[in-house]
Amino acid sequence: MKNDNFGKKVVGLIRDNTVPLMFILICAVCIPISGFSLPYLINEIVTRMGRNIFLILALLIPIMSGMGLNFGMTLGAMAGEIALIFVSDWQIWGIPGVVLAMILSIPISVLLGAFCGKILNMAKGREMITSYILSFFMNGIYQLLVLYIMGSLIPIKHFSIKLPRGYGIRNTVSLLNMRQCLDNLLAVRVGGVKIPVLTFIIIGVLCLFIVWFRRTKLGQDMRAVGQDMGVARDAGINVERTRIISIVMSTVLAGFGMIIYLQNMGNIATYSSHSQIGMFCIAALLVGGASVDRASIGNVFLGVVLFHTMFIVAPKAGAVITGDSMIGEYFRVFVSYAVITLALIMYETKKRKHKSLVGQQLQQAQKEADAHE
Amino acid sequence: MANANTPLLEMRNIKKDFFGNQVLSDINLTLREGEVLGLCGENGAGKSTLMKILFGMDVIRETGGYEGDILISGEKVKFNTPFDALAAGIGMVHQEFSLIPGFTATENILLNREPKKKNVISEVFGDRLNTLDYNEMTGRAEAAIDKMGFSIDKNMVISEMPVGHKQFTEIARELSKEQLKLLILDEPTAVLTEKEAEALLASIRSMSKQGIAVIFITHRLHEILAVCDKVVVMRDGLVVADVAAKDTTVEEISKWMVGRSVDTTAKAEVRDNEGAKIAMSIKRLWVDMPGETVRDVSLDIREGEILGIGGLAGQGKLGIPNGIMGLYEAGGTVIFQGQEIPLNSPRKCLDASLAFVSEDRRGVGLLLDETLEWNVAFPAMQVQNKFLKNYLGGLVKWRDEKAIREVTERYIDELAIKCTGSKQKARELSGGNQQKVCLAKAFALEPKFLFVSEPTRGIDVGAKALVLEALRRFNRDSGVTVVMISSELEELRSICDRIAIVSGGKIAGIRPASDPSEDFGMLMVSMVK
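Chains as they are written, first to last, in this note's numbering: chain A, 3 to 375; chain B, 236 to 764.
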């Protein structure tokens, strides 16, 4: 009997963590094939952790308030990019540049976030697809702003970022002068691995903030709203406002995250940097074992490590096996979408399984009643 | 403020109508501090409307408010929202749980009333960033649980709790409000085990000793007699009895609940189909329909009869047809004309010539944005290939518009559907006429067996009579077996041959429709869970 229970627990554990286990398997197979050395691998992973974790943490708050995986974070990423374009036009480099860009991104993020929150309040229960499509729409507005309005209505002085025709922003904006300025400050080398201590401190502070935030009244309200809007409303919580605040916070954090991400990359791909960031962040979070209604800081860290290990080793492994490096690139995108699809399917089946459980209970009750007679 | 003689609550001449449909007329109630009032009545008697008025629910205001006065401690009040009622010391535990599943009992008890601590960040960004004071929360939750007198684990997460404990968590939440003077419990024992129900009764007694007045709504009449000081029985929007609990009996109350003057309803000729073939035999059916769980139903339906299924709301009568027709997950066996019907597959049921008129006519019953023609003909077209013209040996099927129009117009005449023509959209019809379209749709299938669920819900008296007459004619003329599910006992008695009463997810008894109402009333409350 006891053994039986133990077996069930193991099966349950495996079923609950299918996605992370799958990735551990993929990585375990690909790492030896790729032939990368361990220090190189660790170095790459640490760099990518510093680059991505802040962005992914921004996803946690909407999940807490029941708004699912929020593709609306793309809006925050756009805000971060706009702020960085201004800062680089003004030629403010280094740490002051990063800080100024962050401050500048706040009002833009708040505006976009409030707009997104308002729309998501009209589409309760369909937040994911709505925010996904909304991000495409906002991408159009962003392009209008960057391609036509900047340099014509909004003054852009510096020729290095302006298109030769006199208005619009170039395809790539170089951030060479602030490249990895956060990462290099206080950086420590341990056995050939560069650890960007300051970036990690910032990430640590955000983690602490999220833990603390869960214990605040607003955090409690968000959790209540996330689990049952009707009950929360009956208790006097302003559901709509709480949801908007949650999206605004997420957007602002995503803006910061994007700035951290871009200072690490060292340049902005003006028209494409933000376009897939939402999808990659969500995929990484899901790989870490999160689901549509449940995600923790642990999921973020595990997800980044596994997802990016796969990112690093898969192209090389693909090239080694097939002799074609393109296959790896294809593999990345394919796997990202596959993970999101799988996670969504598993979320639905779990819900359905829960439903059929009630039926089993009713059957059981009949049997028990028979036994009594 | 109030002297000893002023009652805590007084309701004077309360009247309420929903769009001209009078649901409450001249209700008078008084309740003193610490008194326990038992409120009972059939579904639709007006109990919940009365409580909604008292609790200031939005639906009352949205439908034009109410007439009459409510006095709390001698002062006239008017509640616009439930929050006003809460502030005045009225608490209510609804039939459906209002709890956050992933929160602990403590968090739920103090939901949105959590004690907080200030911090630096909240000084800047506002009160919502105050941290919760978990020690204080535990203390207050404990105090509320003590007050209730039934111990629950304050740290247990709601989703892991047995149903009964959820109910007690709700009660503790109301008790944790310091201003609470009057607690309304809407069928609190419906989900409790016998033992828990006893504990609840004890807890009501202890609340009453602490000076909290309680309005206790239940279908379990013996509980009312055990715990209440007085009993108020409602029927058809009127208070029909207001007596001290010690002066009455269960029999008397159930008589008040269902008893009507006999002359108001036309009596049907009750046919005795004893010896007729069994059309459908249901064995050990369970259905997982939320709010209408069927636990263990075995029932034989005879060929050519009209069988009524009655019972109180939430006891499972709606679950029976929905389960058999495959709309909700079900188990057990159903044998129709000697053949087993597979459950959980609506198509198989339709293929076997069963038809179902759902109680959810706007959701399941109608294609609201399509014409009446489509609504009437669609199922027959889908299921039986009727109204189709075959070309190229059946490879290409075209709709036979003419046949569709003819059949629709025939039903419009027969059922007296008020519409501008067979091309009108279903959405534009009134409730009663929509119901008739639902019937026409089922009739067009020419079924051998028809389930009709709540056919008269929400439609006016005139339309009601027409719908019932149409059903009766359909049964008499075509010999189709009809099973009609309704909450209104008198309606069932006026048309059915036999009536089965469902209680606690099981069949409590089957009797000829000519039996007195009181007997059915007793059956209804017999196994209530």
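In this text, a Cβ means the ideal position worked out from N, Cα and C, and glycines have one as well.
*Out of Glu277(B), Leu306(B), Gly276(B) and Glu342(B), point me to the one whose CA is closest to isoleucine 288(B)'s CA.*
Leu306(B)
*Can you give the Cα-Cα distance for arginine 537(B) and aspartate 732(B), rounded to whole angstroms?*
10 angstroms
*Should glutamate 689(B) and serine 722(B) be called a contact, given that it needs their Cβ atoms to be closer than 8 angstroms?*
yes
*asked:* I need the straight-line Cα distance from leucine 758(B) to isoleucine 730(B), nearest angstrom please.
replied: So the two alpha carbons sit approximately 19 angstroms from each other.
*Consult DSSP for tryptophan 214(A) and reduce its assignment to one of helix, strand or coil.*
Assigned with DSSP and collapsed to three states, tryptophan 214(A) falls in helix.
*Measuring alpha carbon to alpha carbon, tell me which of His457(B), Asp750(B), Val355(B) and Lys518(B) ends up nearest lysine 741(B).*
Lys518(B)
*Report the three-state DSSP secondary structure of isoleucine 342(A) (helix, strand or coil).*
In the structure shown, isoleucine 342(A) sits in a helix (DSSP, three-state: H, G or I).
_Check for me: the alpha helix (DSSP H) holding glutamate 605(B) runs from which residue to which?_
Where glutamate 605(B) is concerned, there is no enclosing alpha helix (DSSP H), given that its DSSP letter is neither H nor E.
_Assess contact between the region 318-338 of chain B and the region 211-227 of chain A, defined as three or more Cβ pairs (one per stretch) separated by less than 8 angstroms. Is contact present?_
yes
*asked:* Taking the alpha carbon of serine 39(A) as the reference point, which residue from Gly290(A), Gln362(A), Ile26(A) and Val195(A) has its own alpha carbon closest?
replied: Val195(A)
*Can you give the Cα-Cα distance for proline 198(A) and isoleucine 261(A), rounded to whole angstroms?*
15 angstroms
*Using DSSP with H/G/I as helix, E/B as strand and the rest coil, what is tryptophan 491(B)?*
DSSP places tryptophan 491(B) in helix when its eight states are reduced to three.
_Residue from Ile212(A), Ala292(A), Thr253(A) and Ser298(A) whose Cα sits closest to the Cα of glycine 78(A)_ = Thr253(A)
*Between Lys159(A), Met267(A) and Leu106(A), which lies nearest to leucine 177(A) when the distance is taken from Cα to Cα?*
Met267(A)
*Could you pull the start and end residues of the alpha helix (DSSP H) that valine 294(B) belongs to?*
Bounds of the alpha helix (DSSP H) holding valine 294(B) are 293-297.
*Check whether the Cβ atoms of tyrosine 144(A) and methionine 80(A) lie closer than 8 angstroms to each other.*
yes
*Heavy atom of the ligand ATP within 7 angstroms of valine 337(A) beta-carbon*: With respect to the ligand ATP, the structure offers nothing, as it holds no ligand at all.
_Determine whether the beta carbon atoms of glutamine 229(A) and glycine 566(B) lie at a separation below 8 angstroms._
no
*asked:* To the nearest angstrom, how far is the alpha carbon of methionine 69(A) from that of aspartate 477(B)?
replied: 50 angstroms
*methionine 327(B) by DSSP, collapsed to three states: which one?*
strand
_Inter-residue spacing [alpha-carbon to alpha-carbon] between alanine 271(A) and tyrosine 263(A)_ = 12 angstroms
_On the DSSP letters alone, give me the boundaries of the beta strand (DSSP E) that threonine 716(B) sits inside._
716-720
*Please classify arginine 53(A): is it buried, with 16 or more other beta-carbons within 10 angstroms of its beta-carbon, or exposed?*
buried
*Going straight from the alpha carbon of proline 350(B) to that of aspartate 368(B), what length do you get?*
6 angstroms
_Interface residues of chain A facing glutamate 349(B) [CB-CB closer than 8 angstroms]_ = Those are Lys219 and Gln222, listed as they occur along chain A.
_Partners in chain A for phenylalanine 318(B), counting only beta-carbon separations shorter than 7 angstroms_ = Gly238
*asked:* Based on DSSP bridge pairs, tell me the residues matched to threonine 174(A).
replied: Ala271(A)
*So which of Thr643(B), Leu415(B), Lys637(B) and Asp595(B) has the shortest CA-CA distance to asparagine 720(B)?*
In the sequence under discussion, the amino acid at residue 720(B) is isoleucine, which differs from the asparagine named in the question. Checking every option, the nearest Cα to that of isoleucine 720(B) belongs to Asp595(B).
_Using a Cβ-Cβ cutoff of less than 7 angstroms, which residues in the same chain neighbour aspartate 498(B) once the five nearest sequence positions on both sides are dropped?_
Residue confidence for aspartate 498(B) is low, a pLDDT of 38 falling below 50, so the modelled location carries little weight and cannot support an answer.
*Taking 8 angstroms as the CB-CB cut-off, is leucine 364(B) touching chain A?*
yes
*Return the residue from the list Val192(A), Val335(A) and Val307(A) that minimises the CA-CA distance to proline 317(A).*
Val335(A)
*Closer than 7 angstroms by beta-carbon distance: list the chain A residues that pair up with serine 333(B), in chain order.*
Val233 and Asp236
*Run through DSSP, which three-state label would phenylalanine 73(A) get?*
coil
_Contact criterion: CB-CB distance below 8 angstroms. Does leucine 364(A) meet it with respect to chain B?_
It does: the Cβ of leucine 364(A) has a partner Cβ on chain B nearer than 8 angstroms.
*Could you tell me how far apart the beta carbons of leucine 589(B) and phenylalanine 571(B) are, in whole angstroms, since I believe they sit closer than 8 angstroms?*
7 angstroms
*asked:* Short of 7 angstroms in beta carbon distance, which residues of its chain neighbour methionine 1(A), apart from the five on each side in sequence? Order them along the chain.
replied: Examination of residue 1(A) is not possible in this model, given that chain A is present from 3 through 375 alone.
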